[in-house]
Each structure stands twice: as structure tokens, then as C-alpha cells.
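> Throughout the sequence shown, residue numbering follows the numbering used here, covering 5 to 271 in sequence.
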Amino acid sequence: MAGDPFAMLDWLVEAGADEAIAESPVNRLAARVPLPAATMPPLPLPAARPAPTRPAAMPAASLIPEDAIGTAQNLAAAATNLAQLRAVMESFEGCALKRGATNTVFADGTELAPVMLIGEAPGREEDRIGKPFVGRAGQLLDKMLASIGLDRARNAYITNVINWRPPDNRDPTPEEAAQCLPFLRRHIELAQPKVIILLGAVAARHVVGKTDGIMKIRGRWMDYRVGDQLVPLMPTLHPAYLLRQPAHKKLAWRDLQAVRDRLNAPG
5 MAGDPFAMLD WLVEAGADEA IAESPVNRLA ARVPLPAATM PPLPLPAARP APTRPAAMPA
65 ASLIPEDAIG TAQNLAAAAT NLAQLRAVME SFEGCALKRG ATNTVFADGT ELAPVMLIGE
125 APGREEDRIG KPFVGRAGQL LDKMLASIGL DRARNAYITN VINWRPPDNR DPTPEEAAQC
185 LPFLRRHIEL AQPKVIILLG AVAARHVVGK TDGIMKIRGR WMDYRVGDQL VPLMPTLHPA
245 YLLRQPAHKK LAWRDLQAVR DRLNAPG
């Protein structure tokens, strides 16, 4: 699979391969039940204020984590295609992250593409636009893909472990990840990739259960089971990390070369 030579050159340069309330209390029961004033302080007033608003404000937030995970599993299993999966995720109210997010960031790229990339969680720009990897990290990711002949418009498909932006771009909690994982697992099943690329430590931890650190597991082929099939999976460095540590782009380049060789292998 040959890449665009100019895009490849851009990526190699970046990879380091170029050597060169009321004013006073009111006793609302006084007219109907005359009670001594000392026995009825204005306690009903604080209780009356939250009572009507709490159920209306968060109708589904009362789901305990186990209920939320079970609901996510049932919704995901009922989806028979990617459009249905997107719809049920947009209707899901069991993850608190959704209430603070602008958009459900479902996916971007070509459906049923041979390569599926899985990142961590949306950032500010992704939340605003509703697509994964659209900021500076996304621009770098596009160059990385182009260097091995991939393009989200033709043959790459991108999503995240978490589909709603965590506050301040923090890592998702284990509970939040558990509420989203049923959707991701079904997403992989419906996308039917030939190769999966995990971008970053959060994706590796939640998709394949690896907690050793991304620098220890990157570049090593693993298997992801989908039904009775094993899909080859490659963990690598997240583009946002590479923006902070550009000297490590050469490591990501090696990982991408391994993906390219796997895709081009006979059979």
C-alpha cells in the first residue's frame, strides 16, 4: 500500500528521520393548622425548593453504575449497524460525562475500513465539532496515516474509548470507561476491521487490559477477539503525546511501518 510521497516526507521530517428566594419566612400551614410558632420553624421551605427540580433535571442520572453498564450492554447488543449504534449512544444517559459534553463524538472516517484506530477521549475541539481527532493531534494523525497510505476519507476509521469529553481533558475514571466499553466492543464488531491501532495508554488499558505503560507495550502485536476471530492489534503512541515529545515520533513511525507491512502481507 503505497503512501503519498509528500505526506510521507512531511511525516518522516517530523519523525526525526531527516538527518539533515422570599424576603422573610412564611408559615404556609398556619391558616390551616394552627400550631405553636416555636414548634414549626421554617423547615419545609428548604425541602420544598429542591423537591420539584431534582427529578426533572436528571431523569436518567439516578442509574447506579451497575444499572448504567447493563443498560449500555442491552442498547449496544440491539444495534445491528453503525447508524443504529450511534443512535443508541446518543440516547444513552447512564454516563455523567454526557451531561457536560456538547456532542457525542461517535466516529470519523470510512465505515468498514480495513484499519480502525481507537483513541482515548474527545478534547475541546472534538467535543465542539463532534468528530474525533480534529485538533492539532488530529492533524498529526492524518500525516501519520498518509505516510503508510491511509486516509480517513478512504481506508481508515477512527473512534475513541470514551465518546464524551471528560472535564478539563482528564483521564476517564474506571467507572466512566466501564459505562462506555459495551458500546466500544459493539463498535469494533460492527466496524469489522482487519487491523486495530490503539492510540495511547488509556486505550490500551481499557481495550486490552494492559497497565504496563504504553512505552513498554507499543510496537508489539496483540490479538483482539471478535466472536470466533482474532483481529491483529497494534498499540502505539498517541499523537498528542508526540506533540509534547517529538523525539519519540521515530518510535511511532516504526509501529506504523509494522502496520503497513501487515496490511500488505500476502493473504
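Here a beta-carbon is modelled for each residue, glycine too, at the ideal position from N, C-alpha and C.
None of the values given here were measured: they were computed from a predicted structure.
What's the gap between the Cα of Gly223 and the Cα of Val92?
Between Gly223 and Val92, the C-alpha separation is close to 34 Å.
> Could you check what DSSP says for Asp172 in three-state terms: helix, strand or coil?
In this structure, Asp172 counts as helix in the three-state DSSP scheme.
> Which residues in the same chain as Leu237 place their Cβ atom closer than 6 Å to its Cβ, once the five residues preceding and following it in sequence are excluded?
The residues are Ile200, Met226 and Tyr228.
> Spatial neighbours of Gln196 within its chain, please: CB distance less than 7 Å, with the 5 preceding and 5 following residues excluded, ordered by chain position.
Correct list, in chain order: Leu116.
> What are the uninterrupted segments assigned as alpha helix (DSSP H) that are 4 or more residues long and contained completely in the region 193-219, given in chain order?
Taking only runs of at least 4 residues, the alpha helix (DSSP H) segments lying wholly in the region 193-219 are 205-212.
> So, at 8 Å on beta carbons, what are the nonlocal neighbours of Gly144 in its own chain, with the 5 sequence-adjacent residues on each side left out?
For the record, residue 144 in the displayed sequence is Leu; it is not Gly. Contacts found: Glu18, Pro243, Leu246 and Leu247.
> Which of the three DSSP states, helix, strand or coil, is assigned to Ile166?
DSSP places Ile166 in coil when its eight states are reduced to three.
> Who are the near neighbours of Arg258 in its chain, counting only those whose CB is closer than 7 Å to its CB and skipping five residues on each side?
If we look at Arg258 and ignore the five residues flanking it on each side, its Cβ neighbours are Gly223.
> What does the Cβ neighbour count give for Lys253, buried or exposed, with the cut at 16 atoms within 10 Å?
That one is buried.
> How about Tyr161 and Val119: do their beta carbons lie closer than 9 Å?
The answer is yes: Cβ separation under 9 Å.
> With distances taken Cα to Cα, identify the nearest neighbour of Gly123 among Ala205, Ala262 and Leu89.
Checked all of Ala205, Ala262 and Leu89; the closest Cα to Gly123 is Ala205.
> Within a Cβ cutoff of 6 Å, which residues of the same chain sit near Lys214, ignoring the five residues on either side of it in sequence?
Same-chain partners within the cutoff: Ala208 and Ile221.
> Which residue from Asp112, Ala87 and Ile166 puts its Cα closest to that of Cys99?
For the residues Asp112, Ala87 and Ile166, the minimum Cα distance to Cys99 belongs to Ile166.
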